[in-house]
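For what it's worth, numbering that gives the first Met the number 0 labels the leading residue of the sequence shown as 0, then goes sequentially.
Notes follow the structure.
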Amino acid sequence: MLEFATPDGPVRVAATALTIAGWTGRDAAAVQHHIDELAAIGVPAPSTVPLFYRAAVQQLTQGSCIEVMGSETSGEVEPVLICVGGRLLLTVGSDHTDRALEAHSVALSKQIAAKPIGRSAVWLDTIEDPDALRLSSFSGEAPGQLDAYQDGSFAKTRPLRALVEGAIESGAGFADGAVMFCGTVPTLSGAVKPARYFKGMVSDGDRLSLSLSYETVPLPIMS
């Protein structure tokens, strides 16, 4: 069960399905940049663009700490849509991914790590121009010393409603309770970097600010 604070009051959602949309850039060159970015760490190119990965809904968390296997994992800030009674609720999430496993299977790497999402949200139909929103993230080894990691406009990714239509057409569906991560923007450095602390934001630079922060605790890999 997920719970969000919204301008209209609290909303509780029984999540029923989790989809992670990948390779969602609106600009083909930007998509290729992210493909090349991940190829640098051995991640194979996608079979189609965009691609709608399925993951276990139990991986969703609104906690402030996640445990992962090993030290080669990292977050990615993403807009997240939730279907609630036929309406779309927008929040922020992190597609936390095991980068070592990603080199072998993107689908498995997305399943193995928890998916943090925020505790505040807004109804998508109350946002006049979603393309005016921005994604940004910060990461580091100490909670008070985070460096800018990602920054980019929603206009760089496919329109949110188009992604919902794409998920339905792909067979992933988007019924009541469905949750979808809607893609990310490239890192500022051009490289994917693991870090212990991560903060992600969806904002309009004025009134809207949706955020999440969490700590990553690596577990030892035993043989």
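We treat Cβ as the ideally placed atom computed from N, Cα and C, and that holds for glycine.
Exposure label - residue i; buried when at least 16 CB within 10 Å
{"i": "Met0", "result": "exposed"}
{"i": "Glu168", "result": "exposed"}
{"i": "Leu17", "result": "buried"}
{"i": "Ile81", "result": "buried"}
{"i": "Cys181", "result": "buried"}
{"i": "Ile65", "result": "buried"}
{"i": "Leu89", "result": "buried"}
{"i": "Glu77", "result": "buried"}
{"i": "Ala190", "result": "exposed"}
DSSP state of residue i mapped onto helix, strand, coil
{"i": "Val201", "result": "strand"}
{"i": "Arg157", "result": "coil"}
{"i": "Ile116", "result": "strand"}
{"i": "Ser222", "result": "coil"}
{"i": "Ser104", "result": "coil"}
{"i": "Ala131", "result": "helix"}
Beta-ladder partner(s) of residue i, from DSSP
{"i": "Ile126", "result": "DSSP, once it has assigned bridges, lists no residue as partnering Ile126."}
{"i": "Pro43", "result": "Answer is none; Pro43 lacks a bridge partner."}
{"i": "Asp97", "result": "Thr72"}
{"i": "Asp146", "result": "Ser138"}
{"i": "Ala28", "result": "Answer is none; Ala28 lacks a bridge partner."}
{"i": "Gly21", "result": "Leu50"}
Separation of residue j from residue i, as counted between CA atoms
{"i": "Val67", "j": "Leu145", "result": "20 Å"}
{"i": "Gln110", "j": "Gln58", "result": "7 Å"}
{"i": "Arg86", "j": "Leu207", "result": "19 Å"}
{"i": "Ala223", "j": "Ala99", "result": "This structure leaves residue 223 out entirely; the chain is present only between 0 and 222."}
{"i": "Ala131", "j": "Asp26", "result": "16 Å"}
{"i": "Asp7", "j": "Pro43", "result": "43 Å"}
{"i": "Leu123", "j": "Ser222", "result": "47 Å"}
{"i": "Gly139", "j": "Leu211", "result": "15 Å"}
{"i": "Asp128", "j": "Phe51", "result": "24 Å"}
{"i": "Ser104", "j": "Ala171", "result": "19 Å"}
- request: Taking only runs that begin and end inside the segment 159 to 198, name each unbroken beta strand (DSSP E) of 3 or more residues, in chain order.
  value: 177 to 180
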